[in-house]
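Data first, discussion second: the structure below is written as structure tokens.
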Ligand code: SF4
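Numbering (the numbering used here), first residue to last: 153 to 414.
This is how it looks when you write it as structure tokens:
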């Protein structure tokens, strides 16, 4: 077995943001937080993204179809995410829905401009959020969906942040590689590509998974195991620290000499 401790792809993602966040999260240092508008917006767009292939395939005017689908999602979302949205603030919810309506013209335009059969195939879910596990890697995770492309079942990840001009953001390559490695073991087939769907813009980006990214996933898993066993990693201080729920705890820990060499 590659690592003794089971990890989740969500921890790999957290590591790419800041290794020290993995340290606090693994110690159940959870911070109660209100459900805020960006998270509700994210959930709404994620649900919409799962219907985009069907809408693109319909060959009808896309904007009204997207509007109708958002109306349905608004009714369904509390049932789908009943735990997460239990104590939702009504105003935050309304603002999030408005935000989603604002991006519909851009989604419709991009879906229209890219809607050839190959692109539609890349965003057509054949399974949604399948929970996958690898005994070899001691890794678990659920991508947003699995799609079927080039005779392979490949992972699809839905992001609601802005897309780069071309390709995908560097950090997004790591979870895609991790999900590909899980899909390989789950379906017993080689998986050398994945898809990132930037939902707020309706942009699908196919990604070739490179050996360097697979290697990086393995290295991150080894480092996560050390962190879970008690090693405090170095703080990755930056402008995003002000949004970090662990900021207070992190500052009080300082940067030990040992952590600098970790
Ligand atoms: S405050 Fe900054 S350095 Fe500390 S855990 Fe959060 S993101 Fe990392």
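Even glycine gets a Cβ: it sits at the ideal position worked out from N, Cα and C.
I'd like the ranges of any alpha helix (DSSP H) spanning at least 4 consecutive residues and lying wholly in the stretch 278–331. Counting only runs of 4 or more residues that sit fully inside the stretch 278–331, no alpha helix (DSSP H) segment turns up.
According to DSSP, is residue 404 part of a helix, a strand, or is it coil? In the structure shown, residue 404 sits in a helix (DSSP, three-state: H, G or I).
Given 8 Å, three or more beta-carbon pairs between the stretch 216–224 and the stretch 248–265: With a cut-off of 8 Å, the stretch 248–265 and the stretch 216–224 count as touching, because enough Cβ pairs lie within range.
What's the call for residue 195, buried or exposed, on a 16-neighbour Cβ count within 10 Å? Its Cβ being crowded by 16 or more others within 10 Å, residue 195 is buried.
Whether residue 149 touches residue 335 by CB criterion (7 Å): With the chain covering 153 to 414 only, the question about residue 149 has no answer from this structure.
Ignore the nearest five residues each way along the sequence and tell me which others in residue 309's own chain have a CB closer than 8 Å to its CB. So the list reads 295, 296, 324, 327, 328, 331, 346, 347, 348, 349, once near-sequence residues are dropped.
Should residue 208 go down as buried or exposed, given a rule of 16 or more other Cβ atoms within 10 Å for buried? With 16 or more Cβ atoms within 10 Å of its Cβ, residue 208 is classed as buried.
Just mark residue 282 as buried or exposed, buried being the case when its beta carbon has 16 or more other beta carbons within 10 Å. Residue 282 counts as buried, since no fewer than 16 other beta carbons sit within 10 angstroms of its beta carbon.
Going by beta carbon distance, what residues of the same chain come within less than 7 Å of residue 205, once the five residues before and after it are set aside? Within the same chain, and ignoring the five residues on either side of residue 205 in sequence, the residues whose Cβ sits closer than 7 Å to its Cβ are 272, 275, 276.
Euclidean distance between Cα positions of residue 389 and residue 403: Counting only the Cα atoms, residue 403 lies some 10 Å from residue 389.
Every unbroken alpha helix (DSSP H) within the stretch 353–388, with a cutoff of 4 residues, ordered by chain: Counting only runs of 4 or more, we get 363–380.
Straight-line Cα distance separating residue 211 from residue 395: Approximately 42 Å, taken between the alpha carbons.
For residue 217, which three-state DSSP category applies? In the structure shown, residue 217 adopts helical secondary structure according to DSSP, grouped into three states.
Between the CA atoms of residue 180 and residue 243 - distance to the nearest angstrom: C-alpha separation (whole angstroms): 30 Å.
Should residue 353 and residue 315 be called a contact, given that it needs their Cβ atoms to be closer than 7 Å? In this structure, residue 353 places its C-beta atom within 7 Å of the C-beta atom of residue 315.
Where do the N-terminal and C-terminal ends of the beta strand (DSSP E) with residue 174 fall, by residue? Unbroken run through residue 174 is the alpha helix (DSSP H), 171–178; no beta strand (DSSP E).
Spatially closest choice to residue 156 from 313, 288, 236, by CA coordinates: Taking only the C-alpha atoms, the option nearest residue 156 is 288.
For residue 163, which of helix, strand or coil comes out of DSSP? Three-state DSSP puts residue 163 in a helix.
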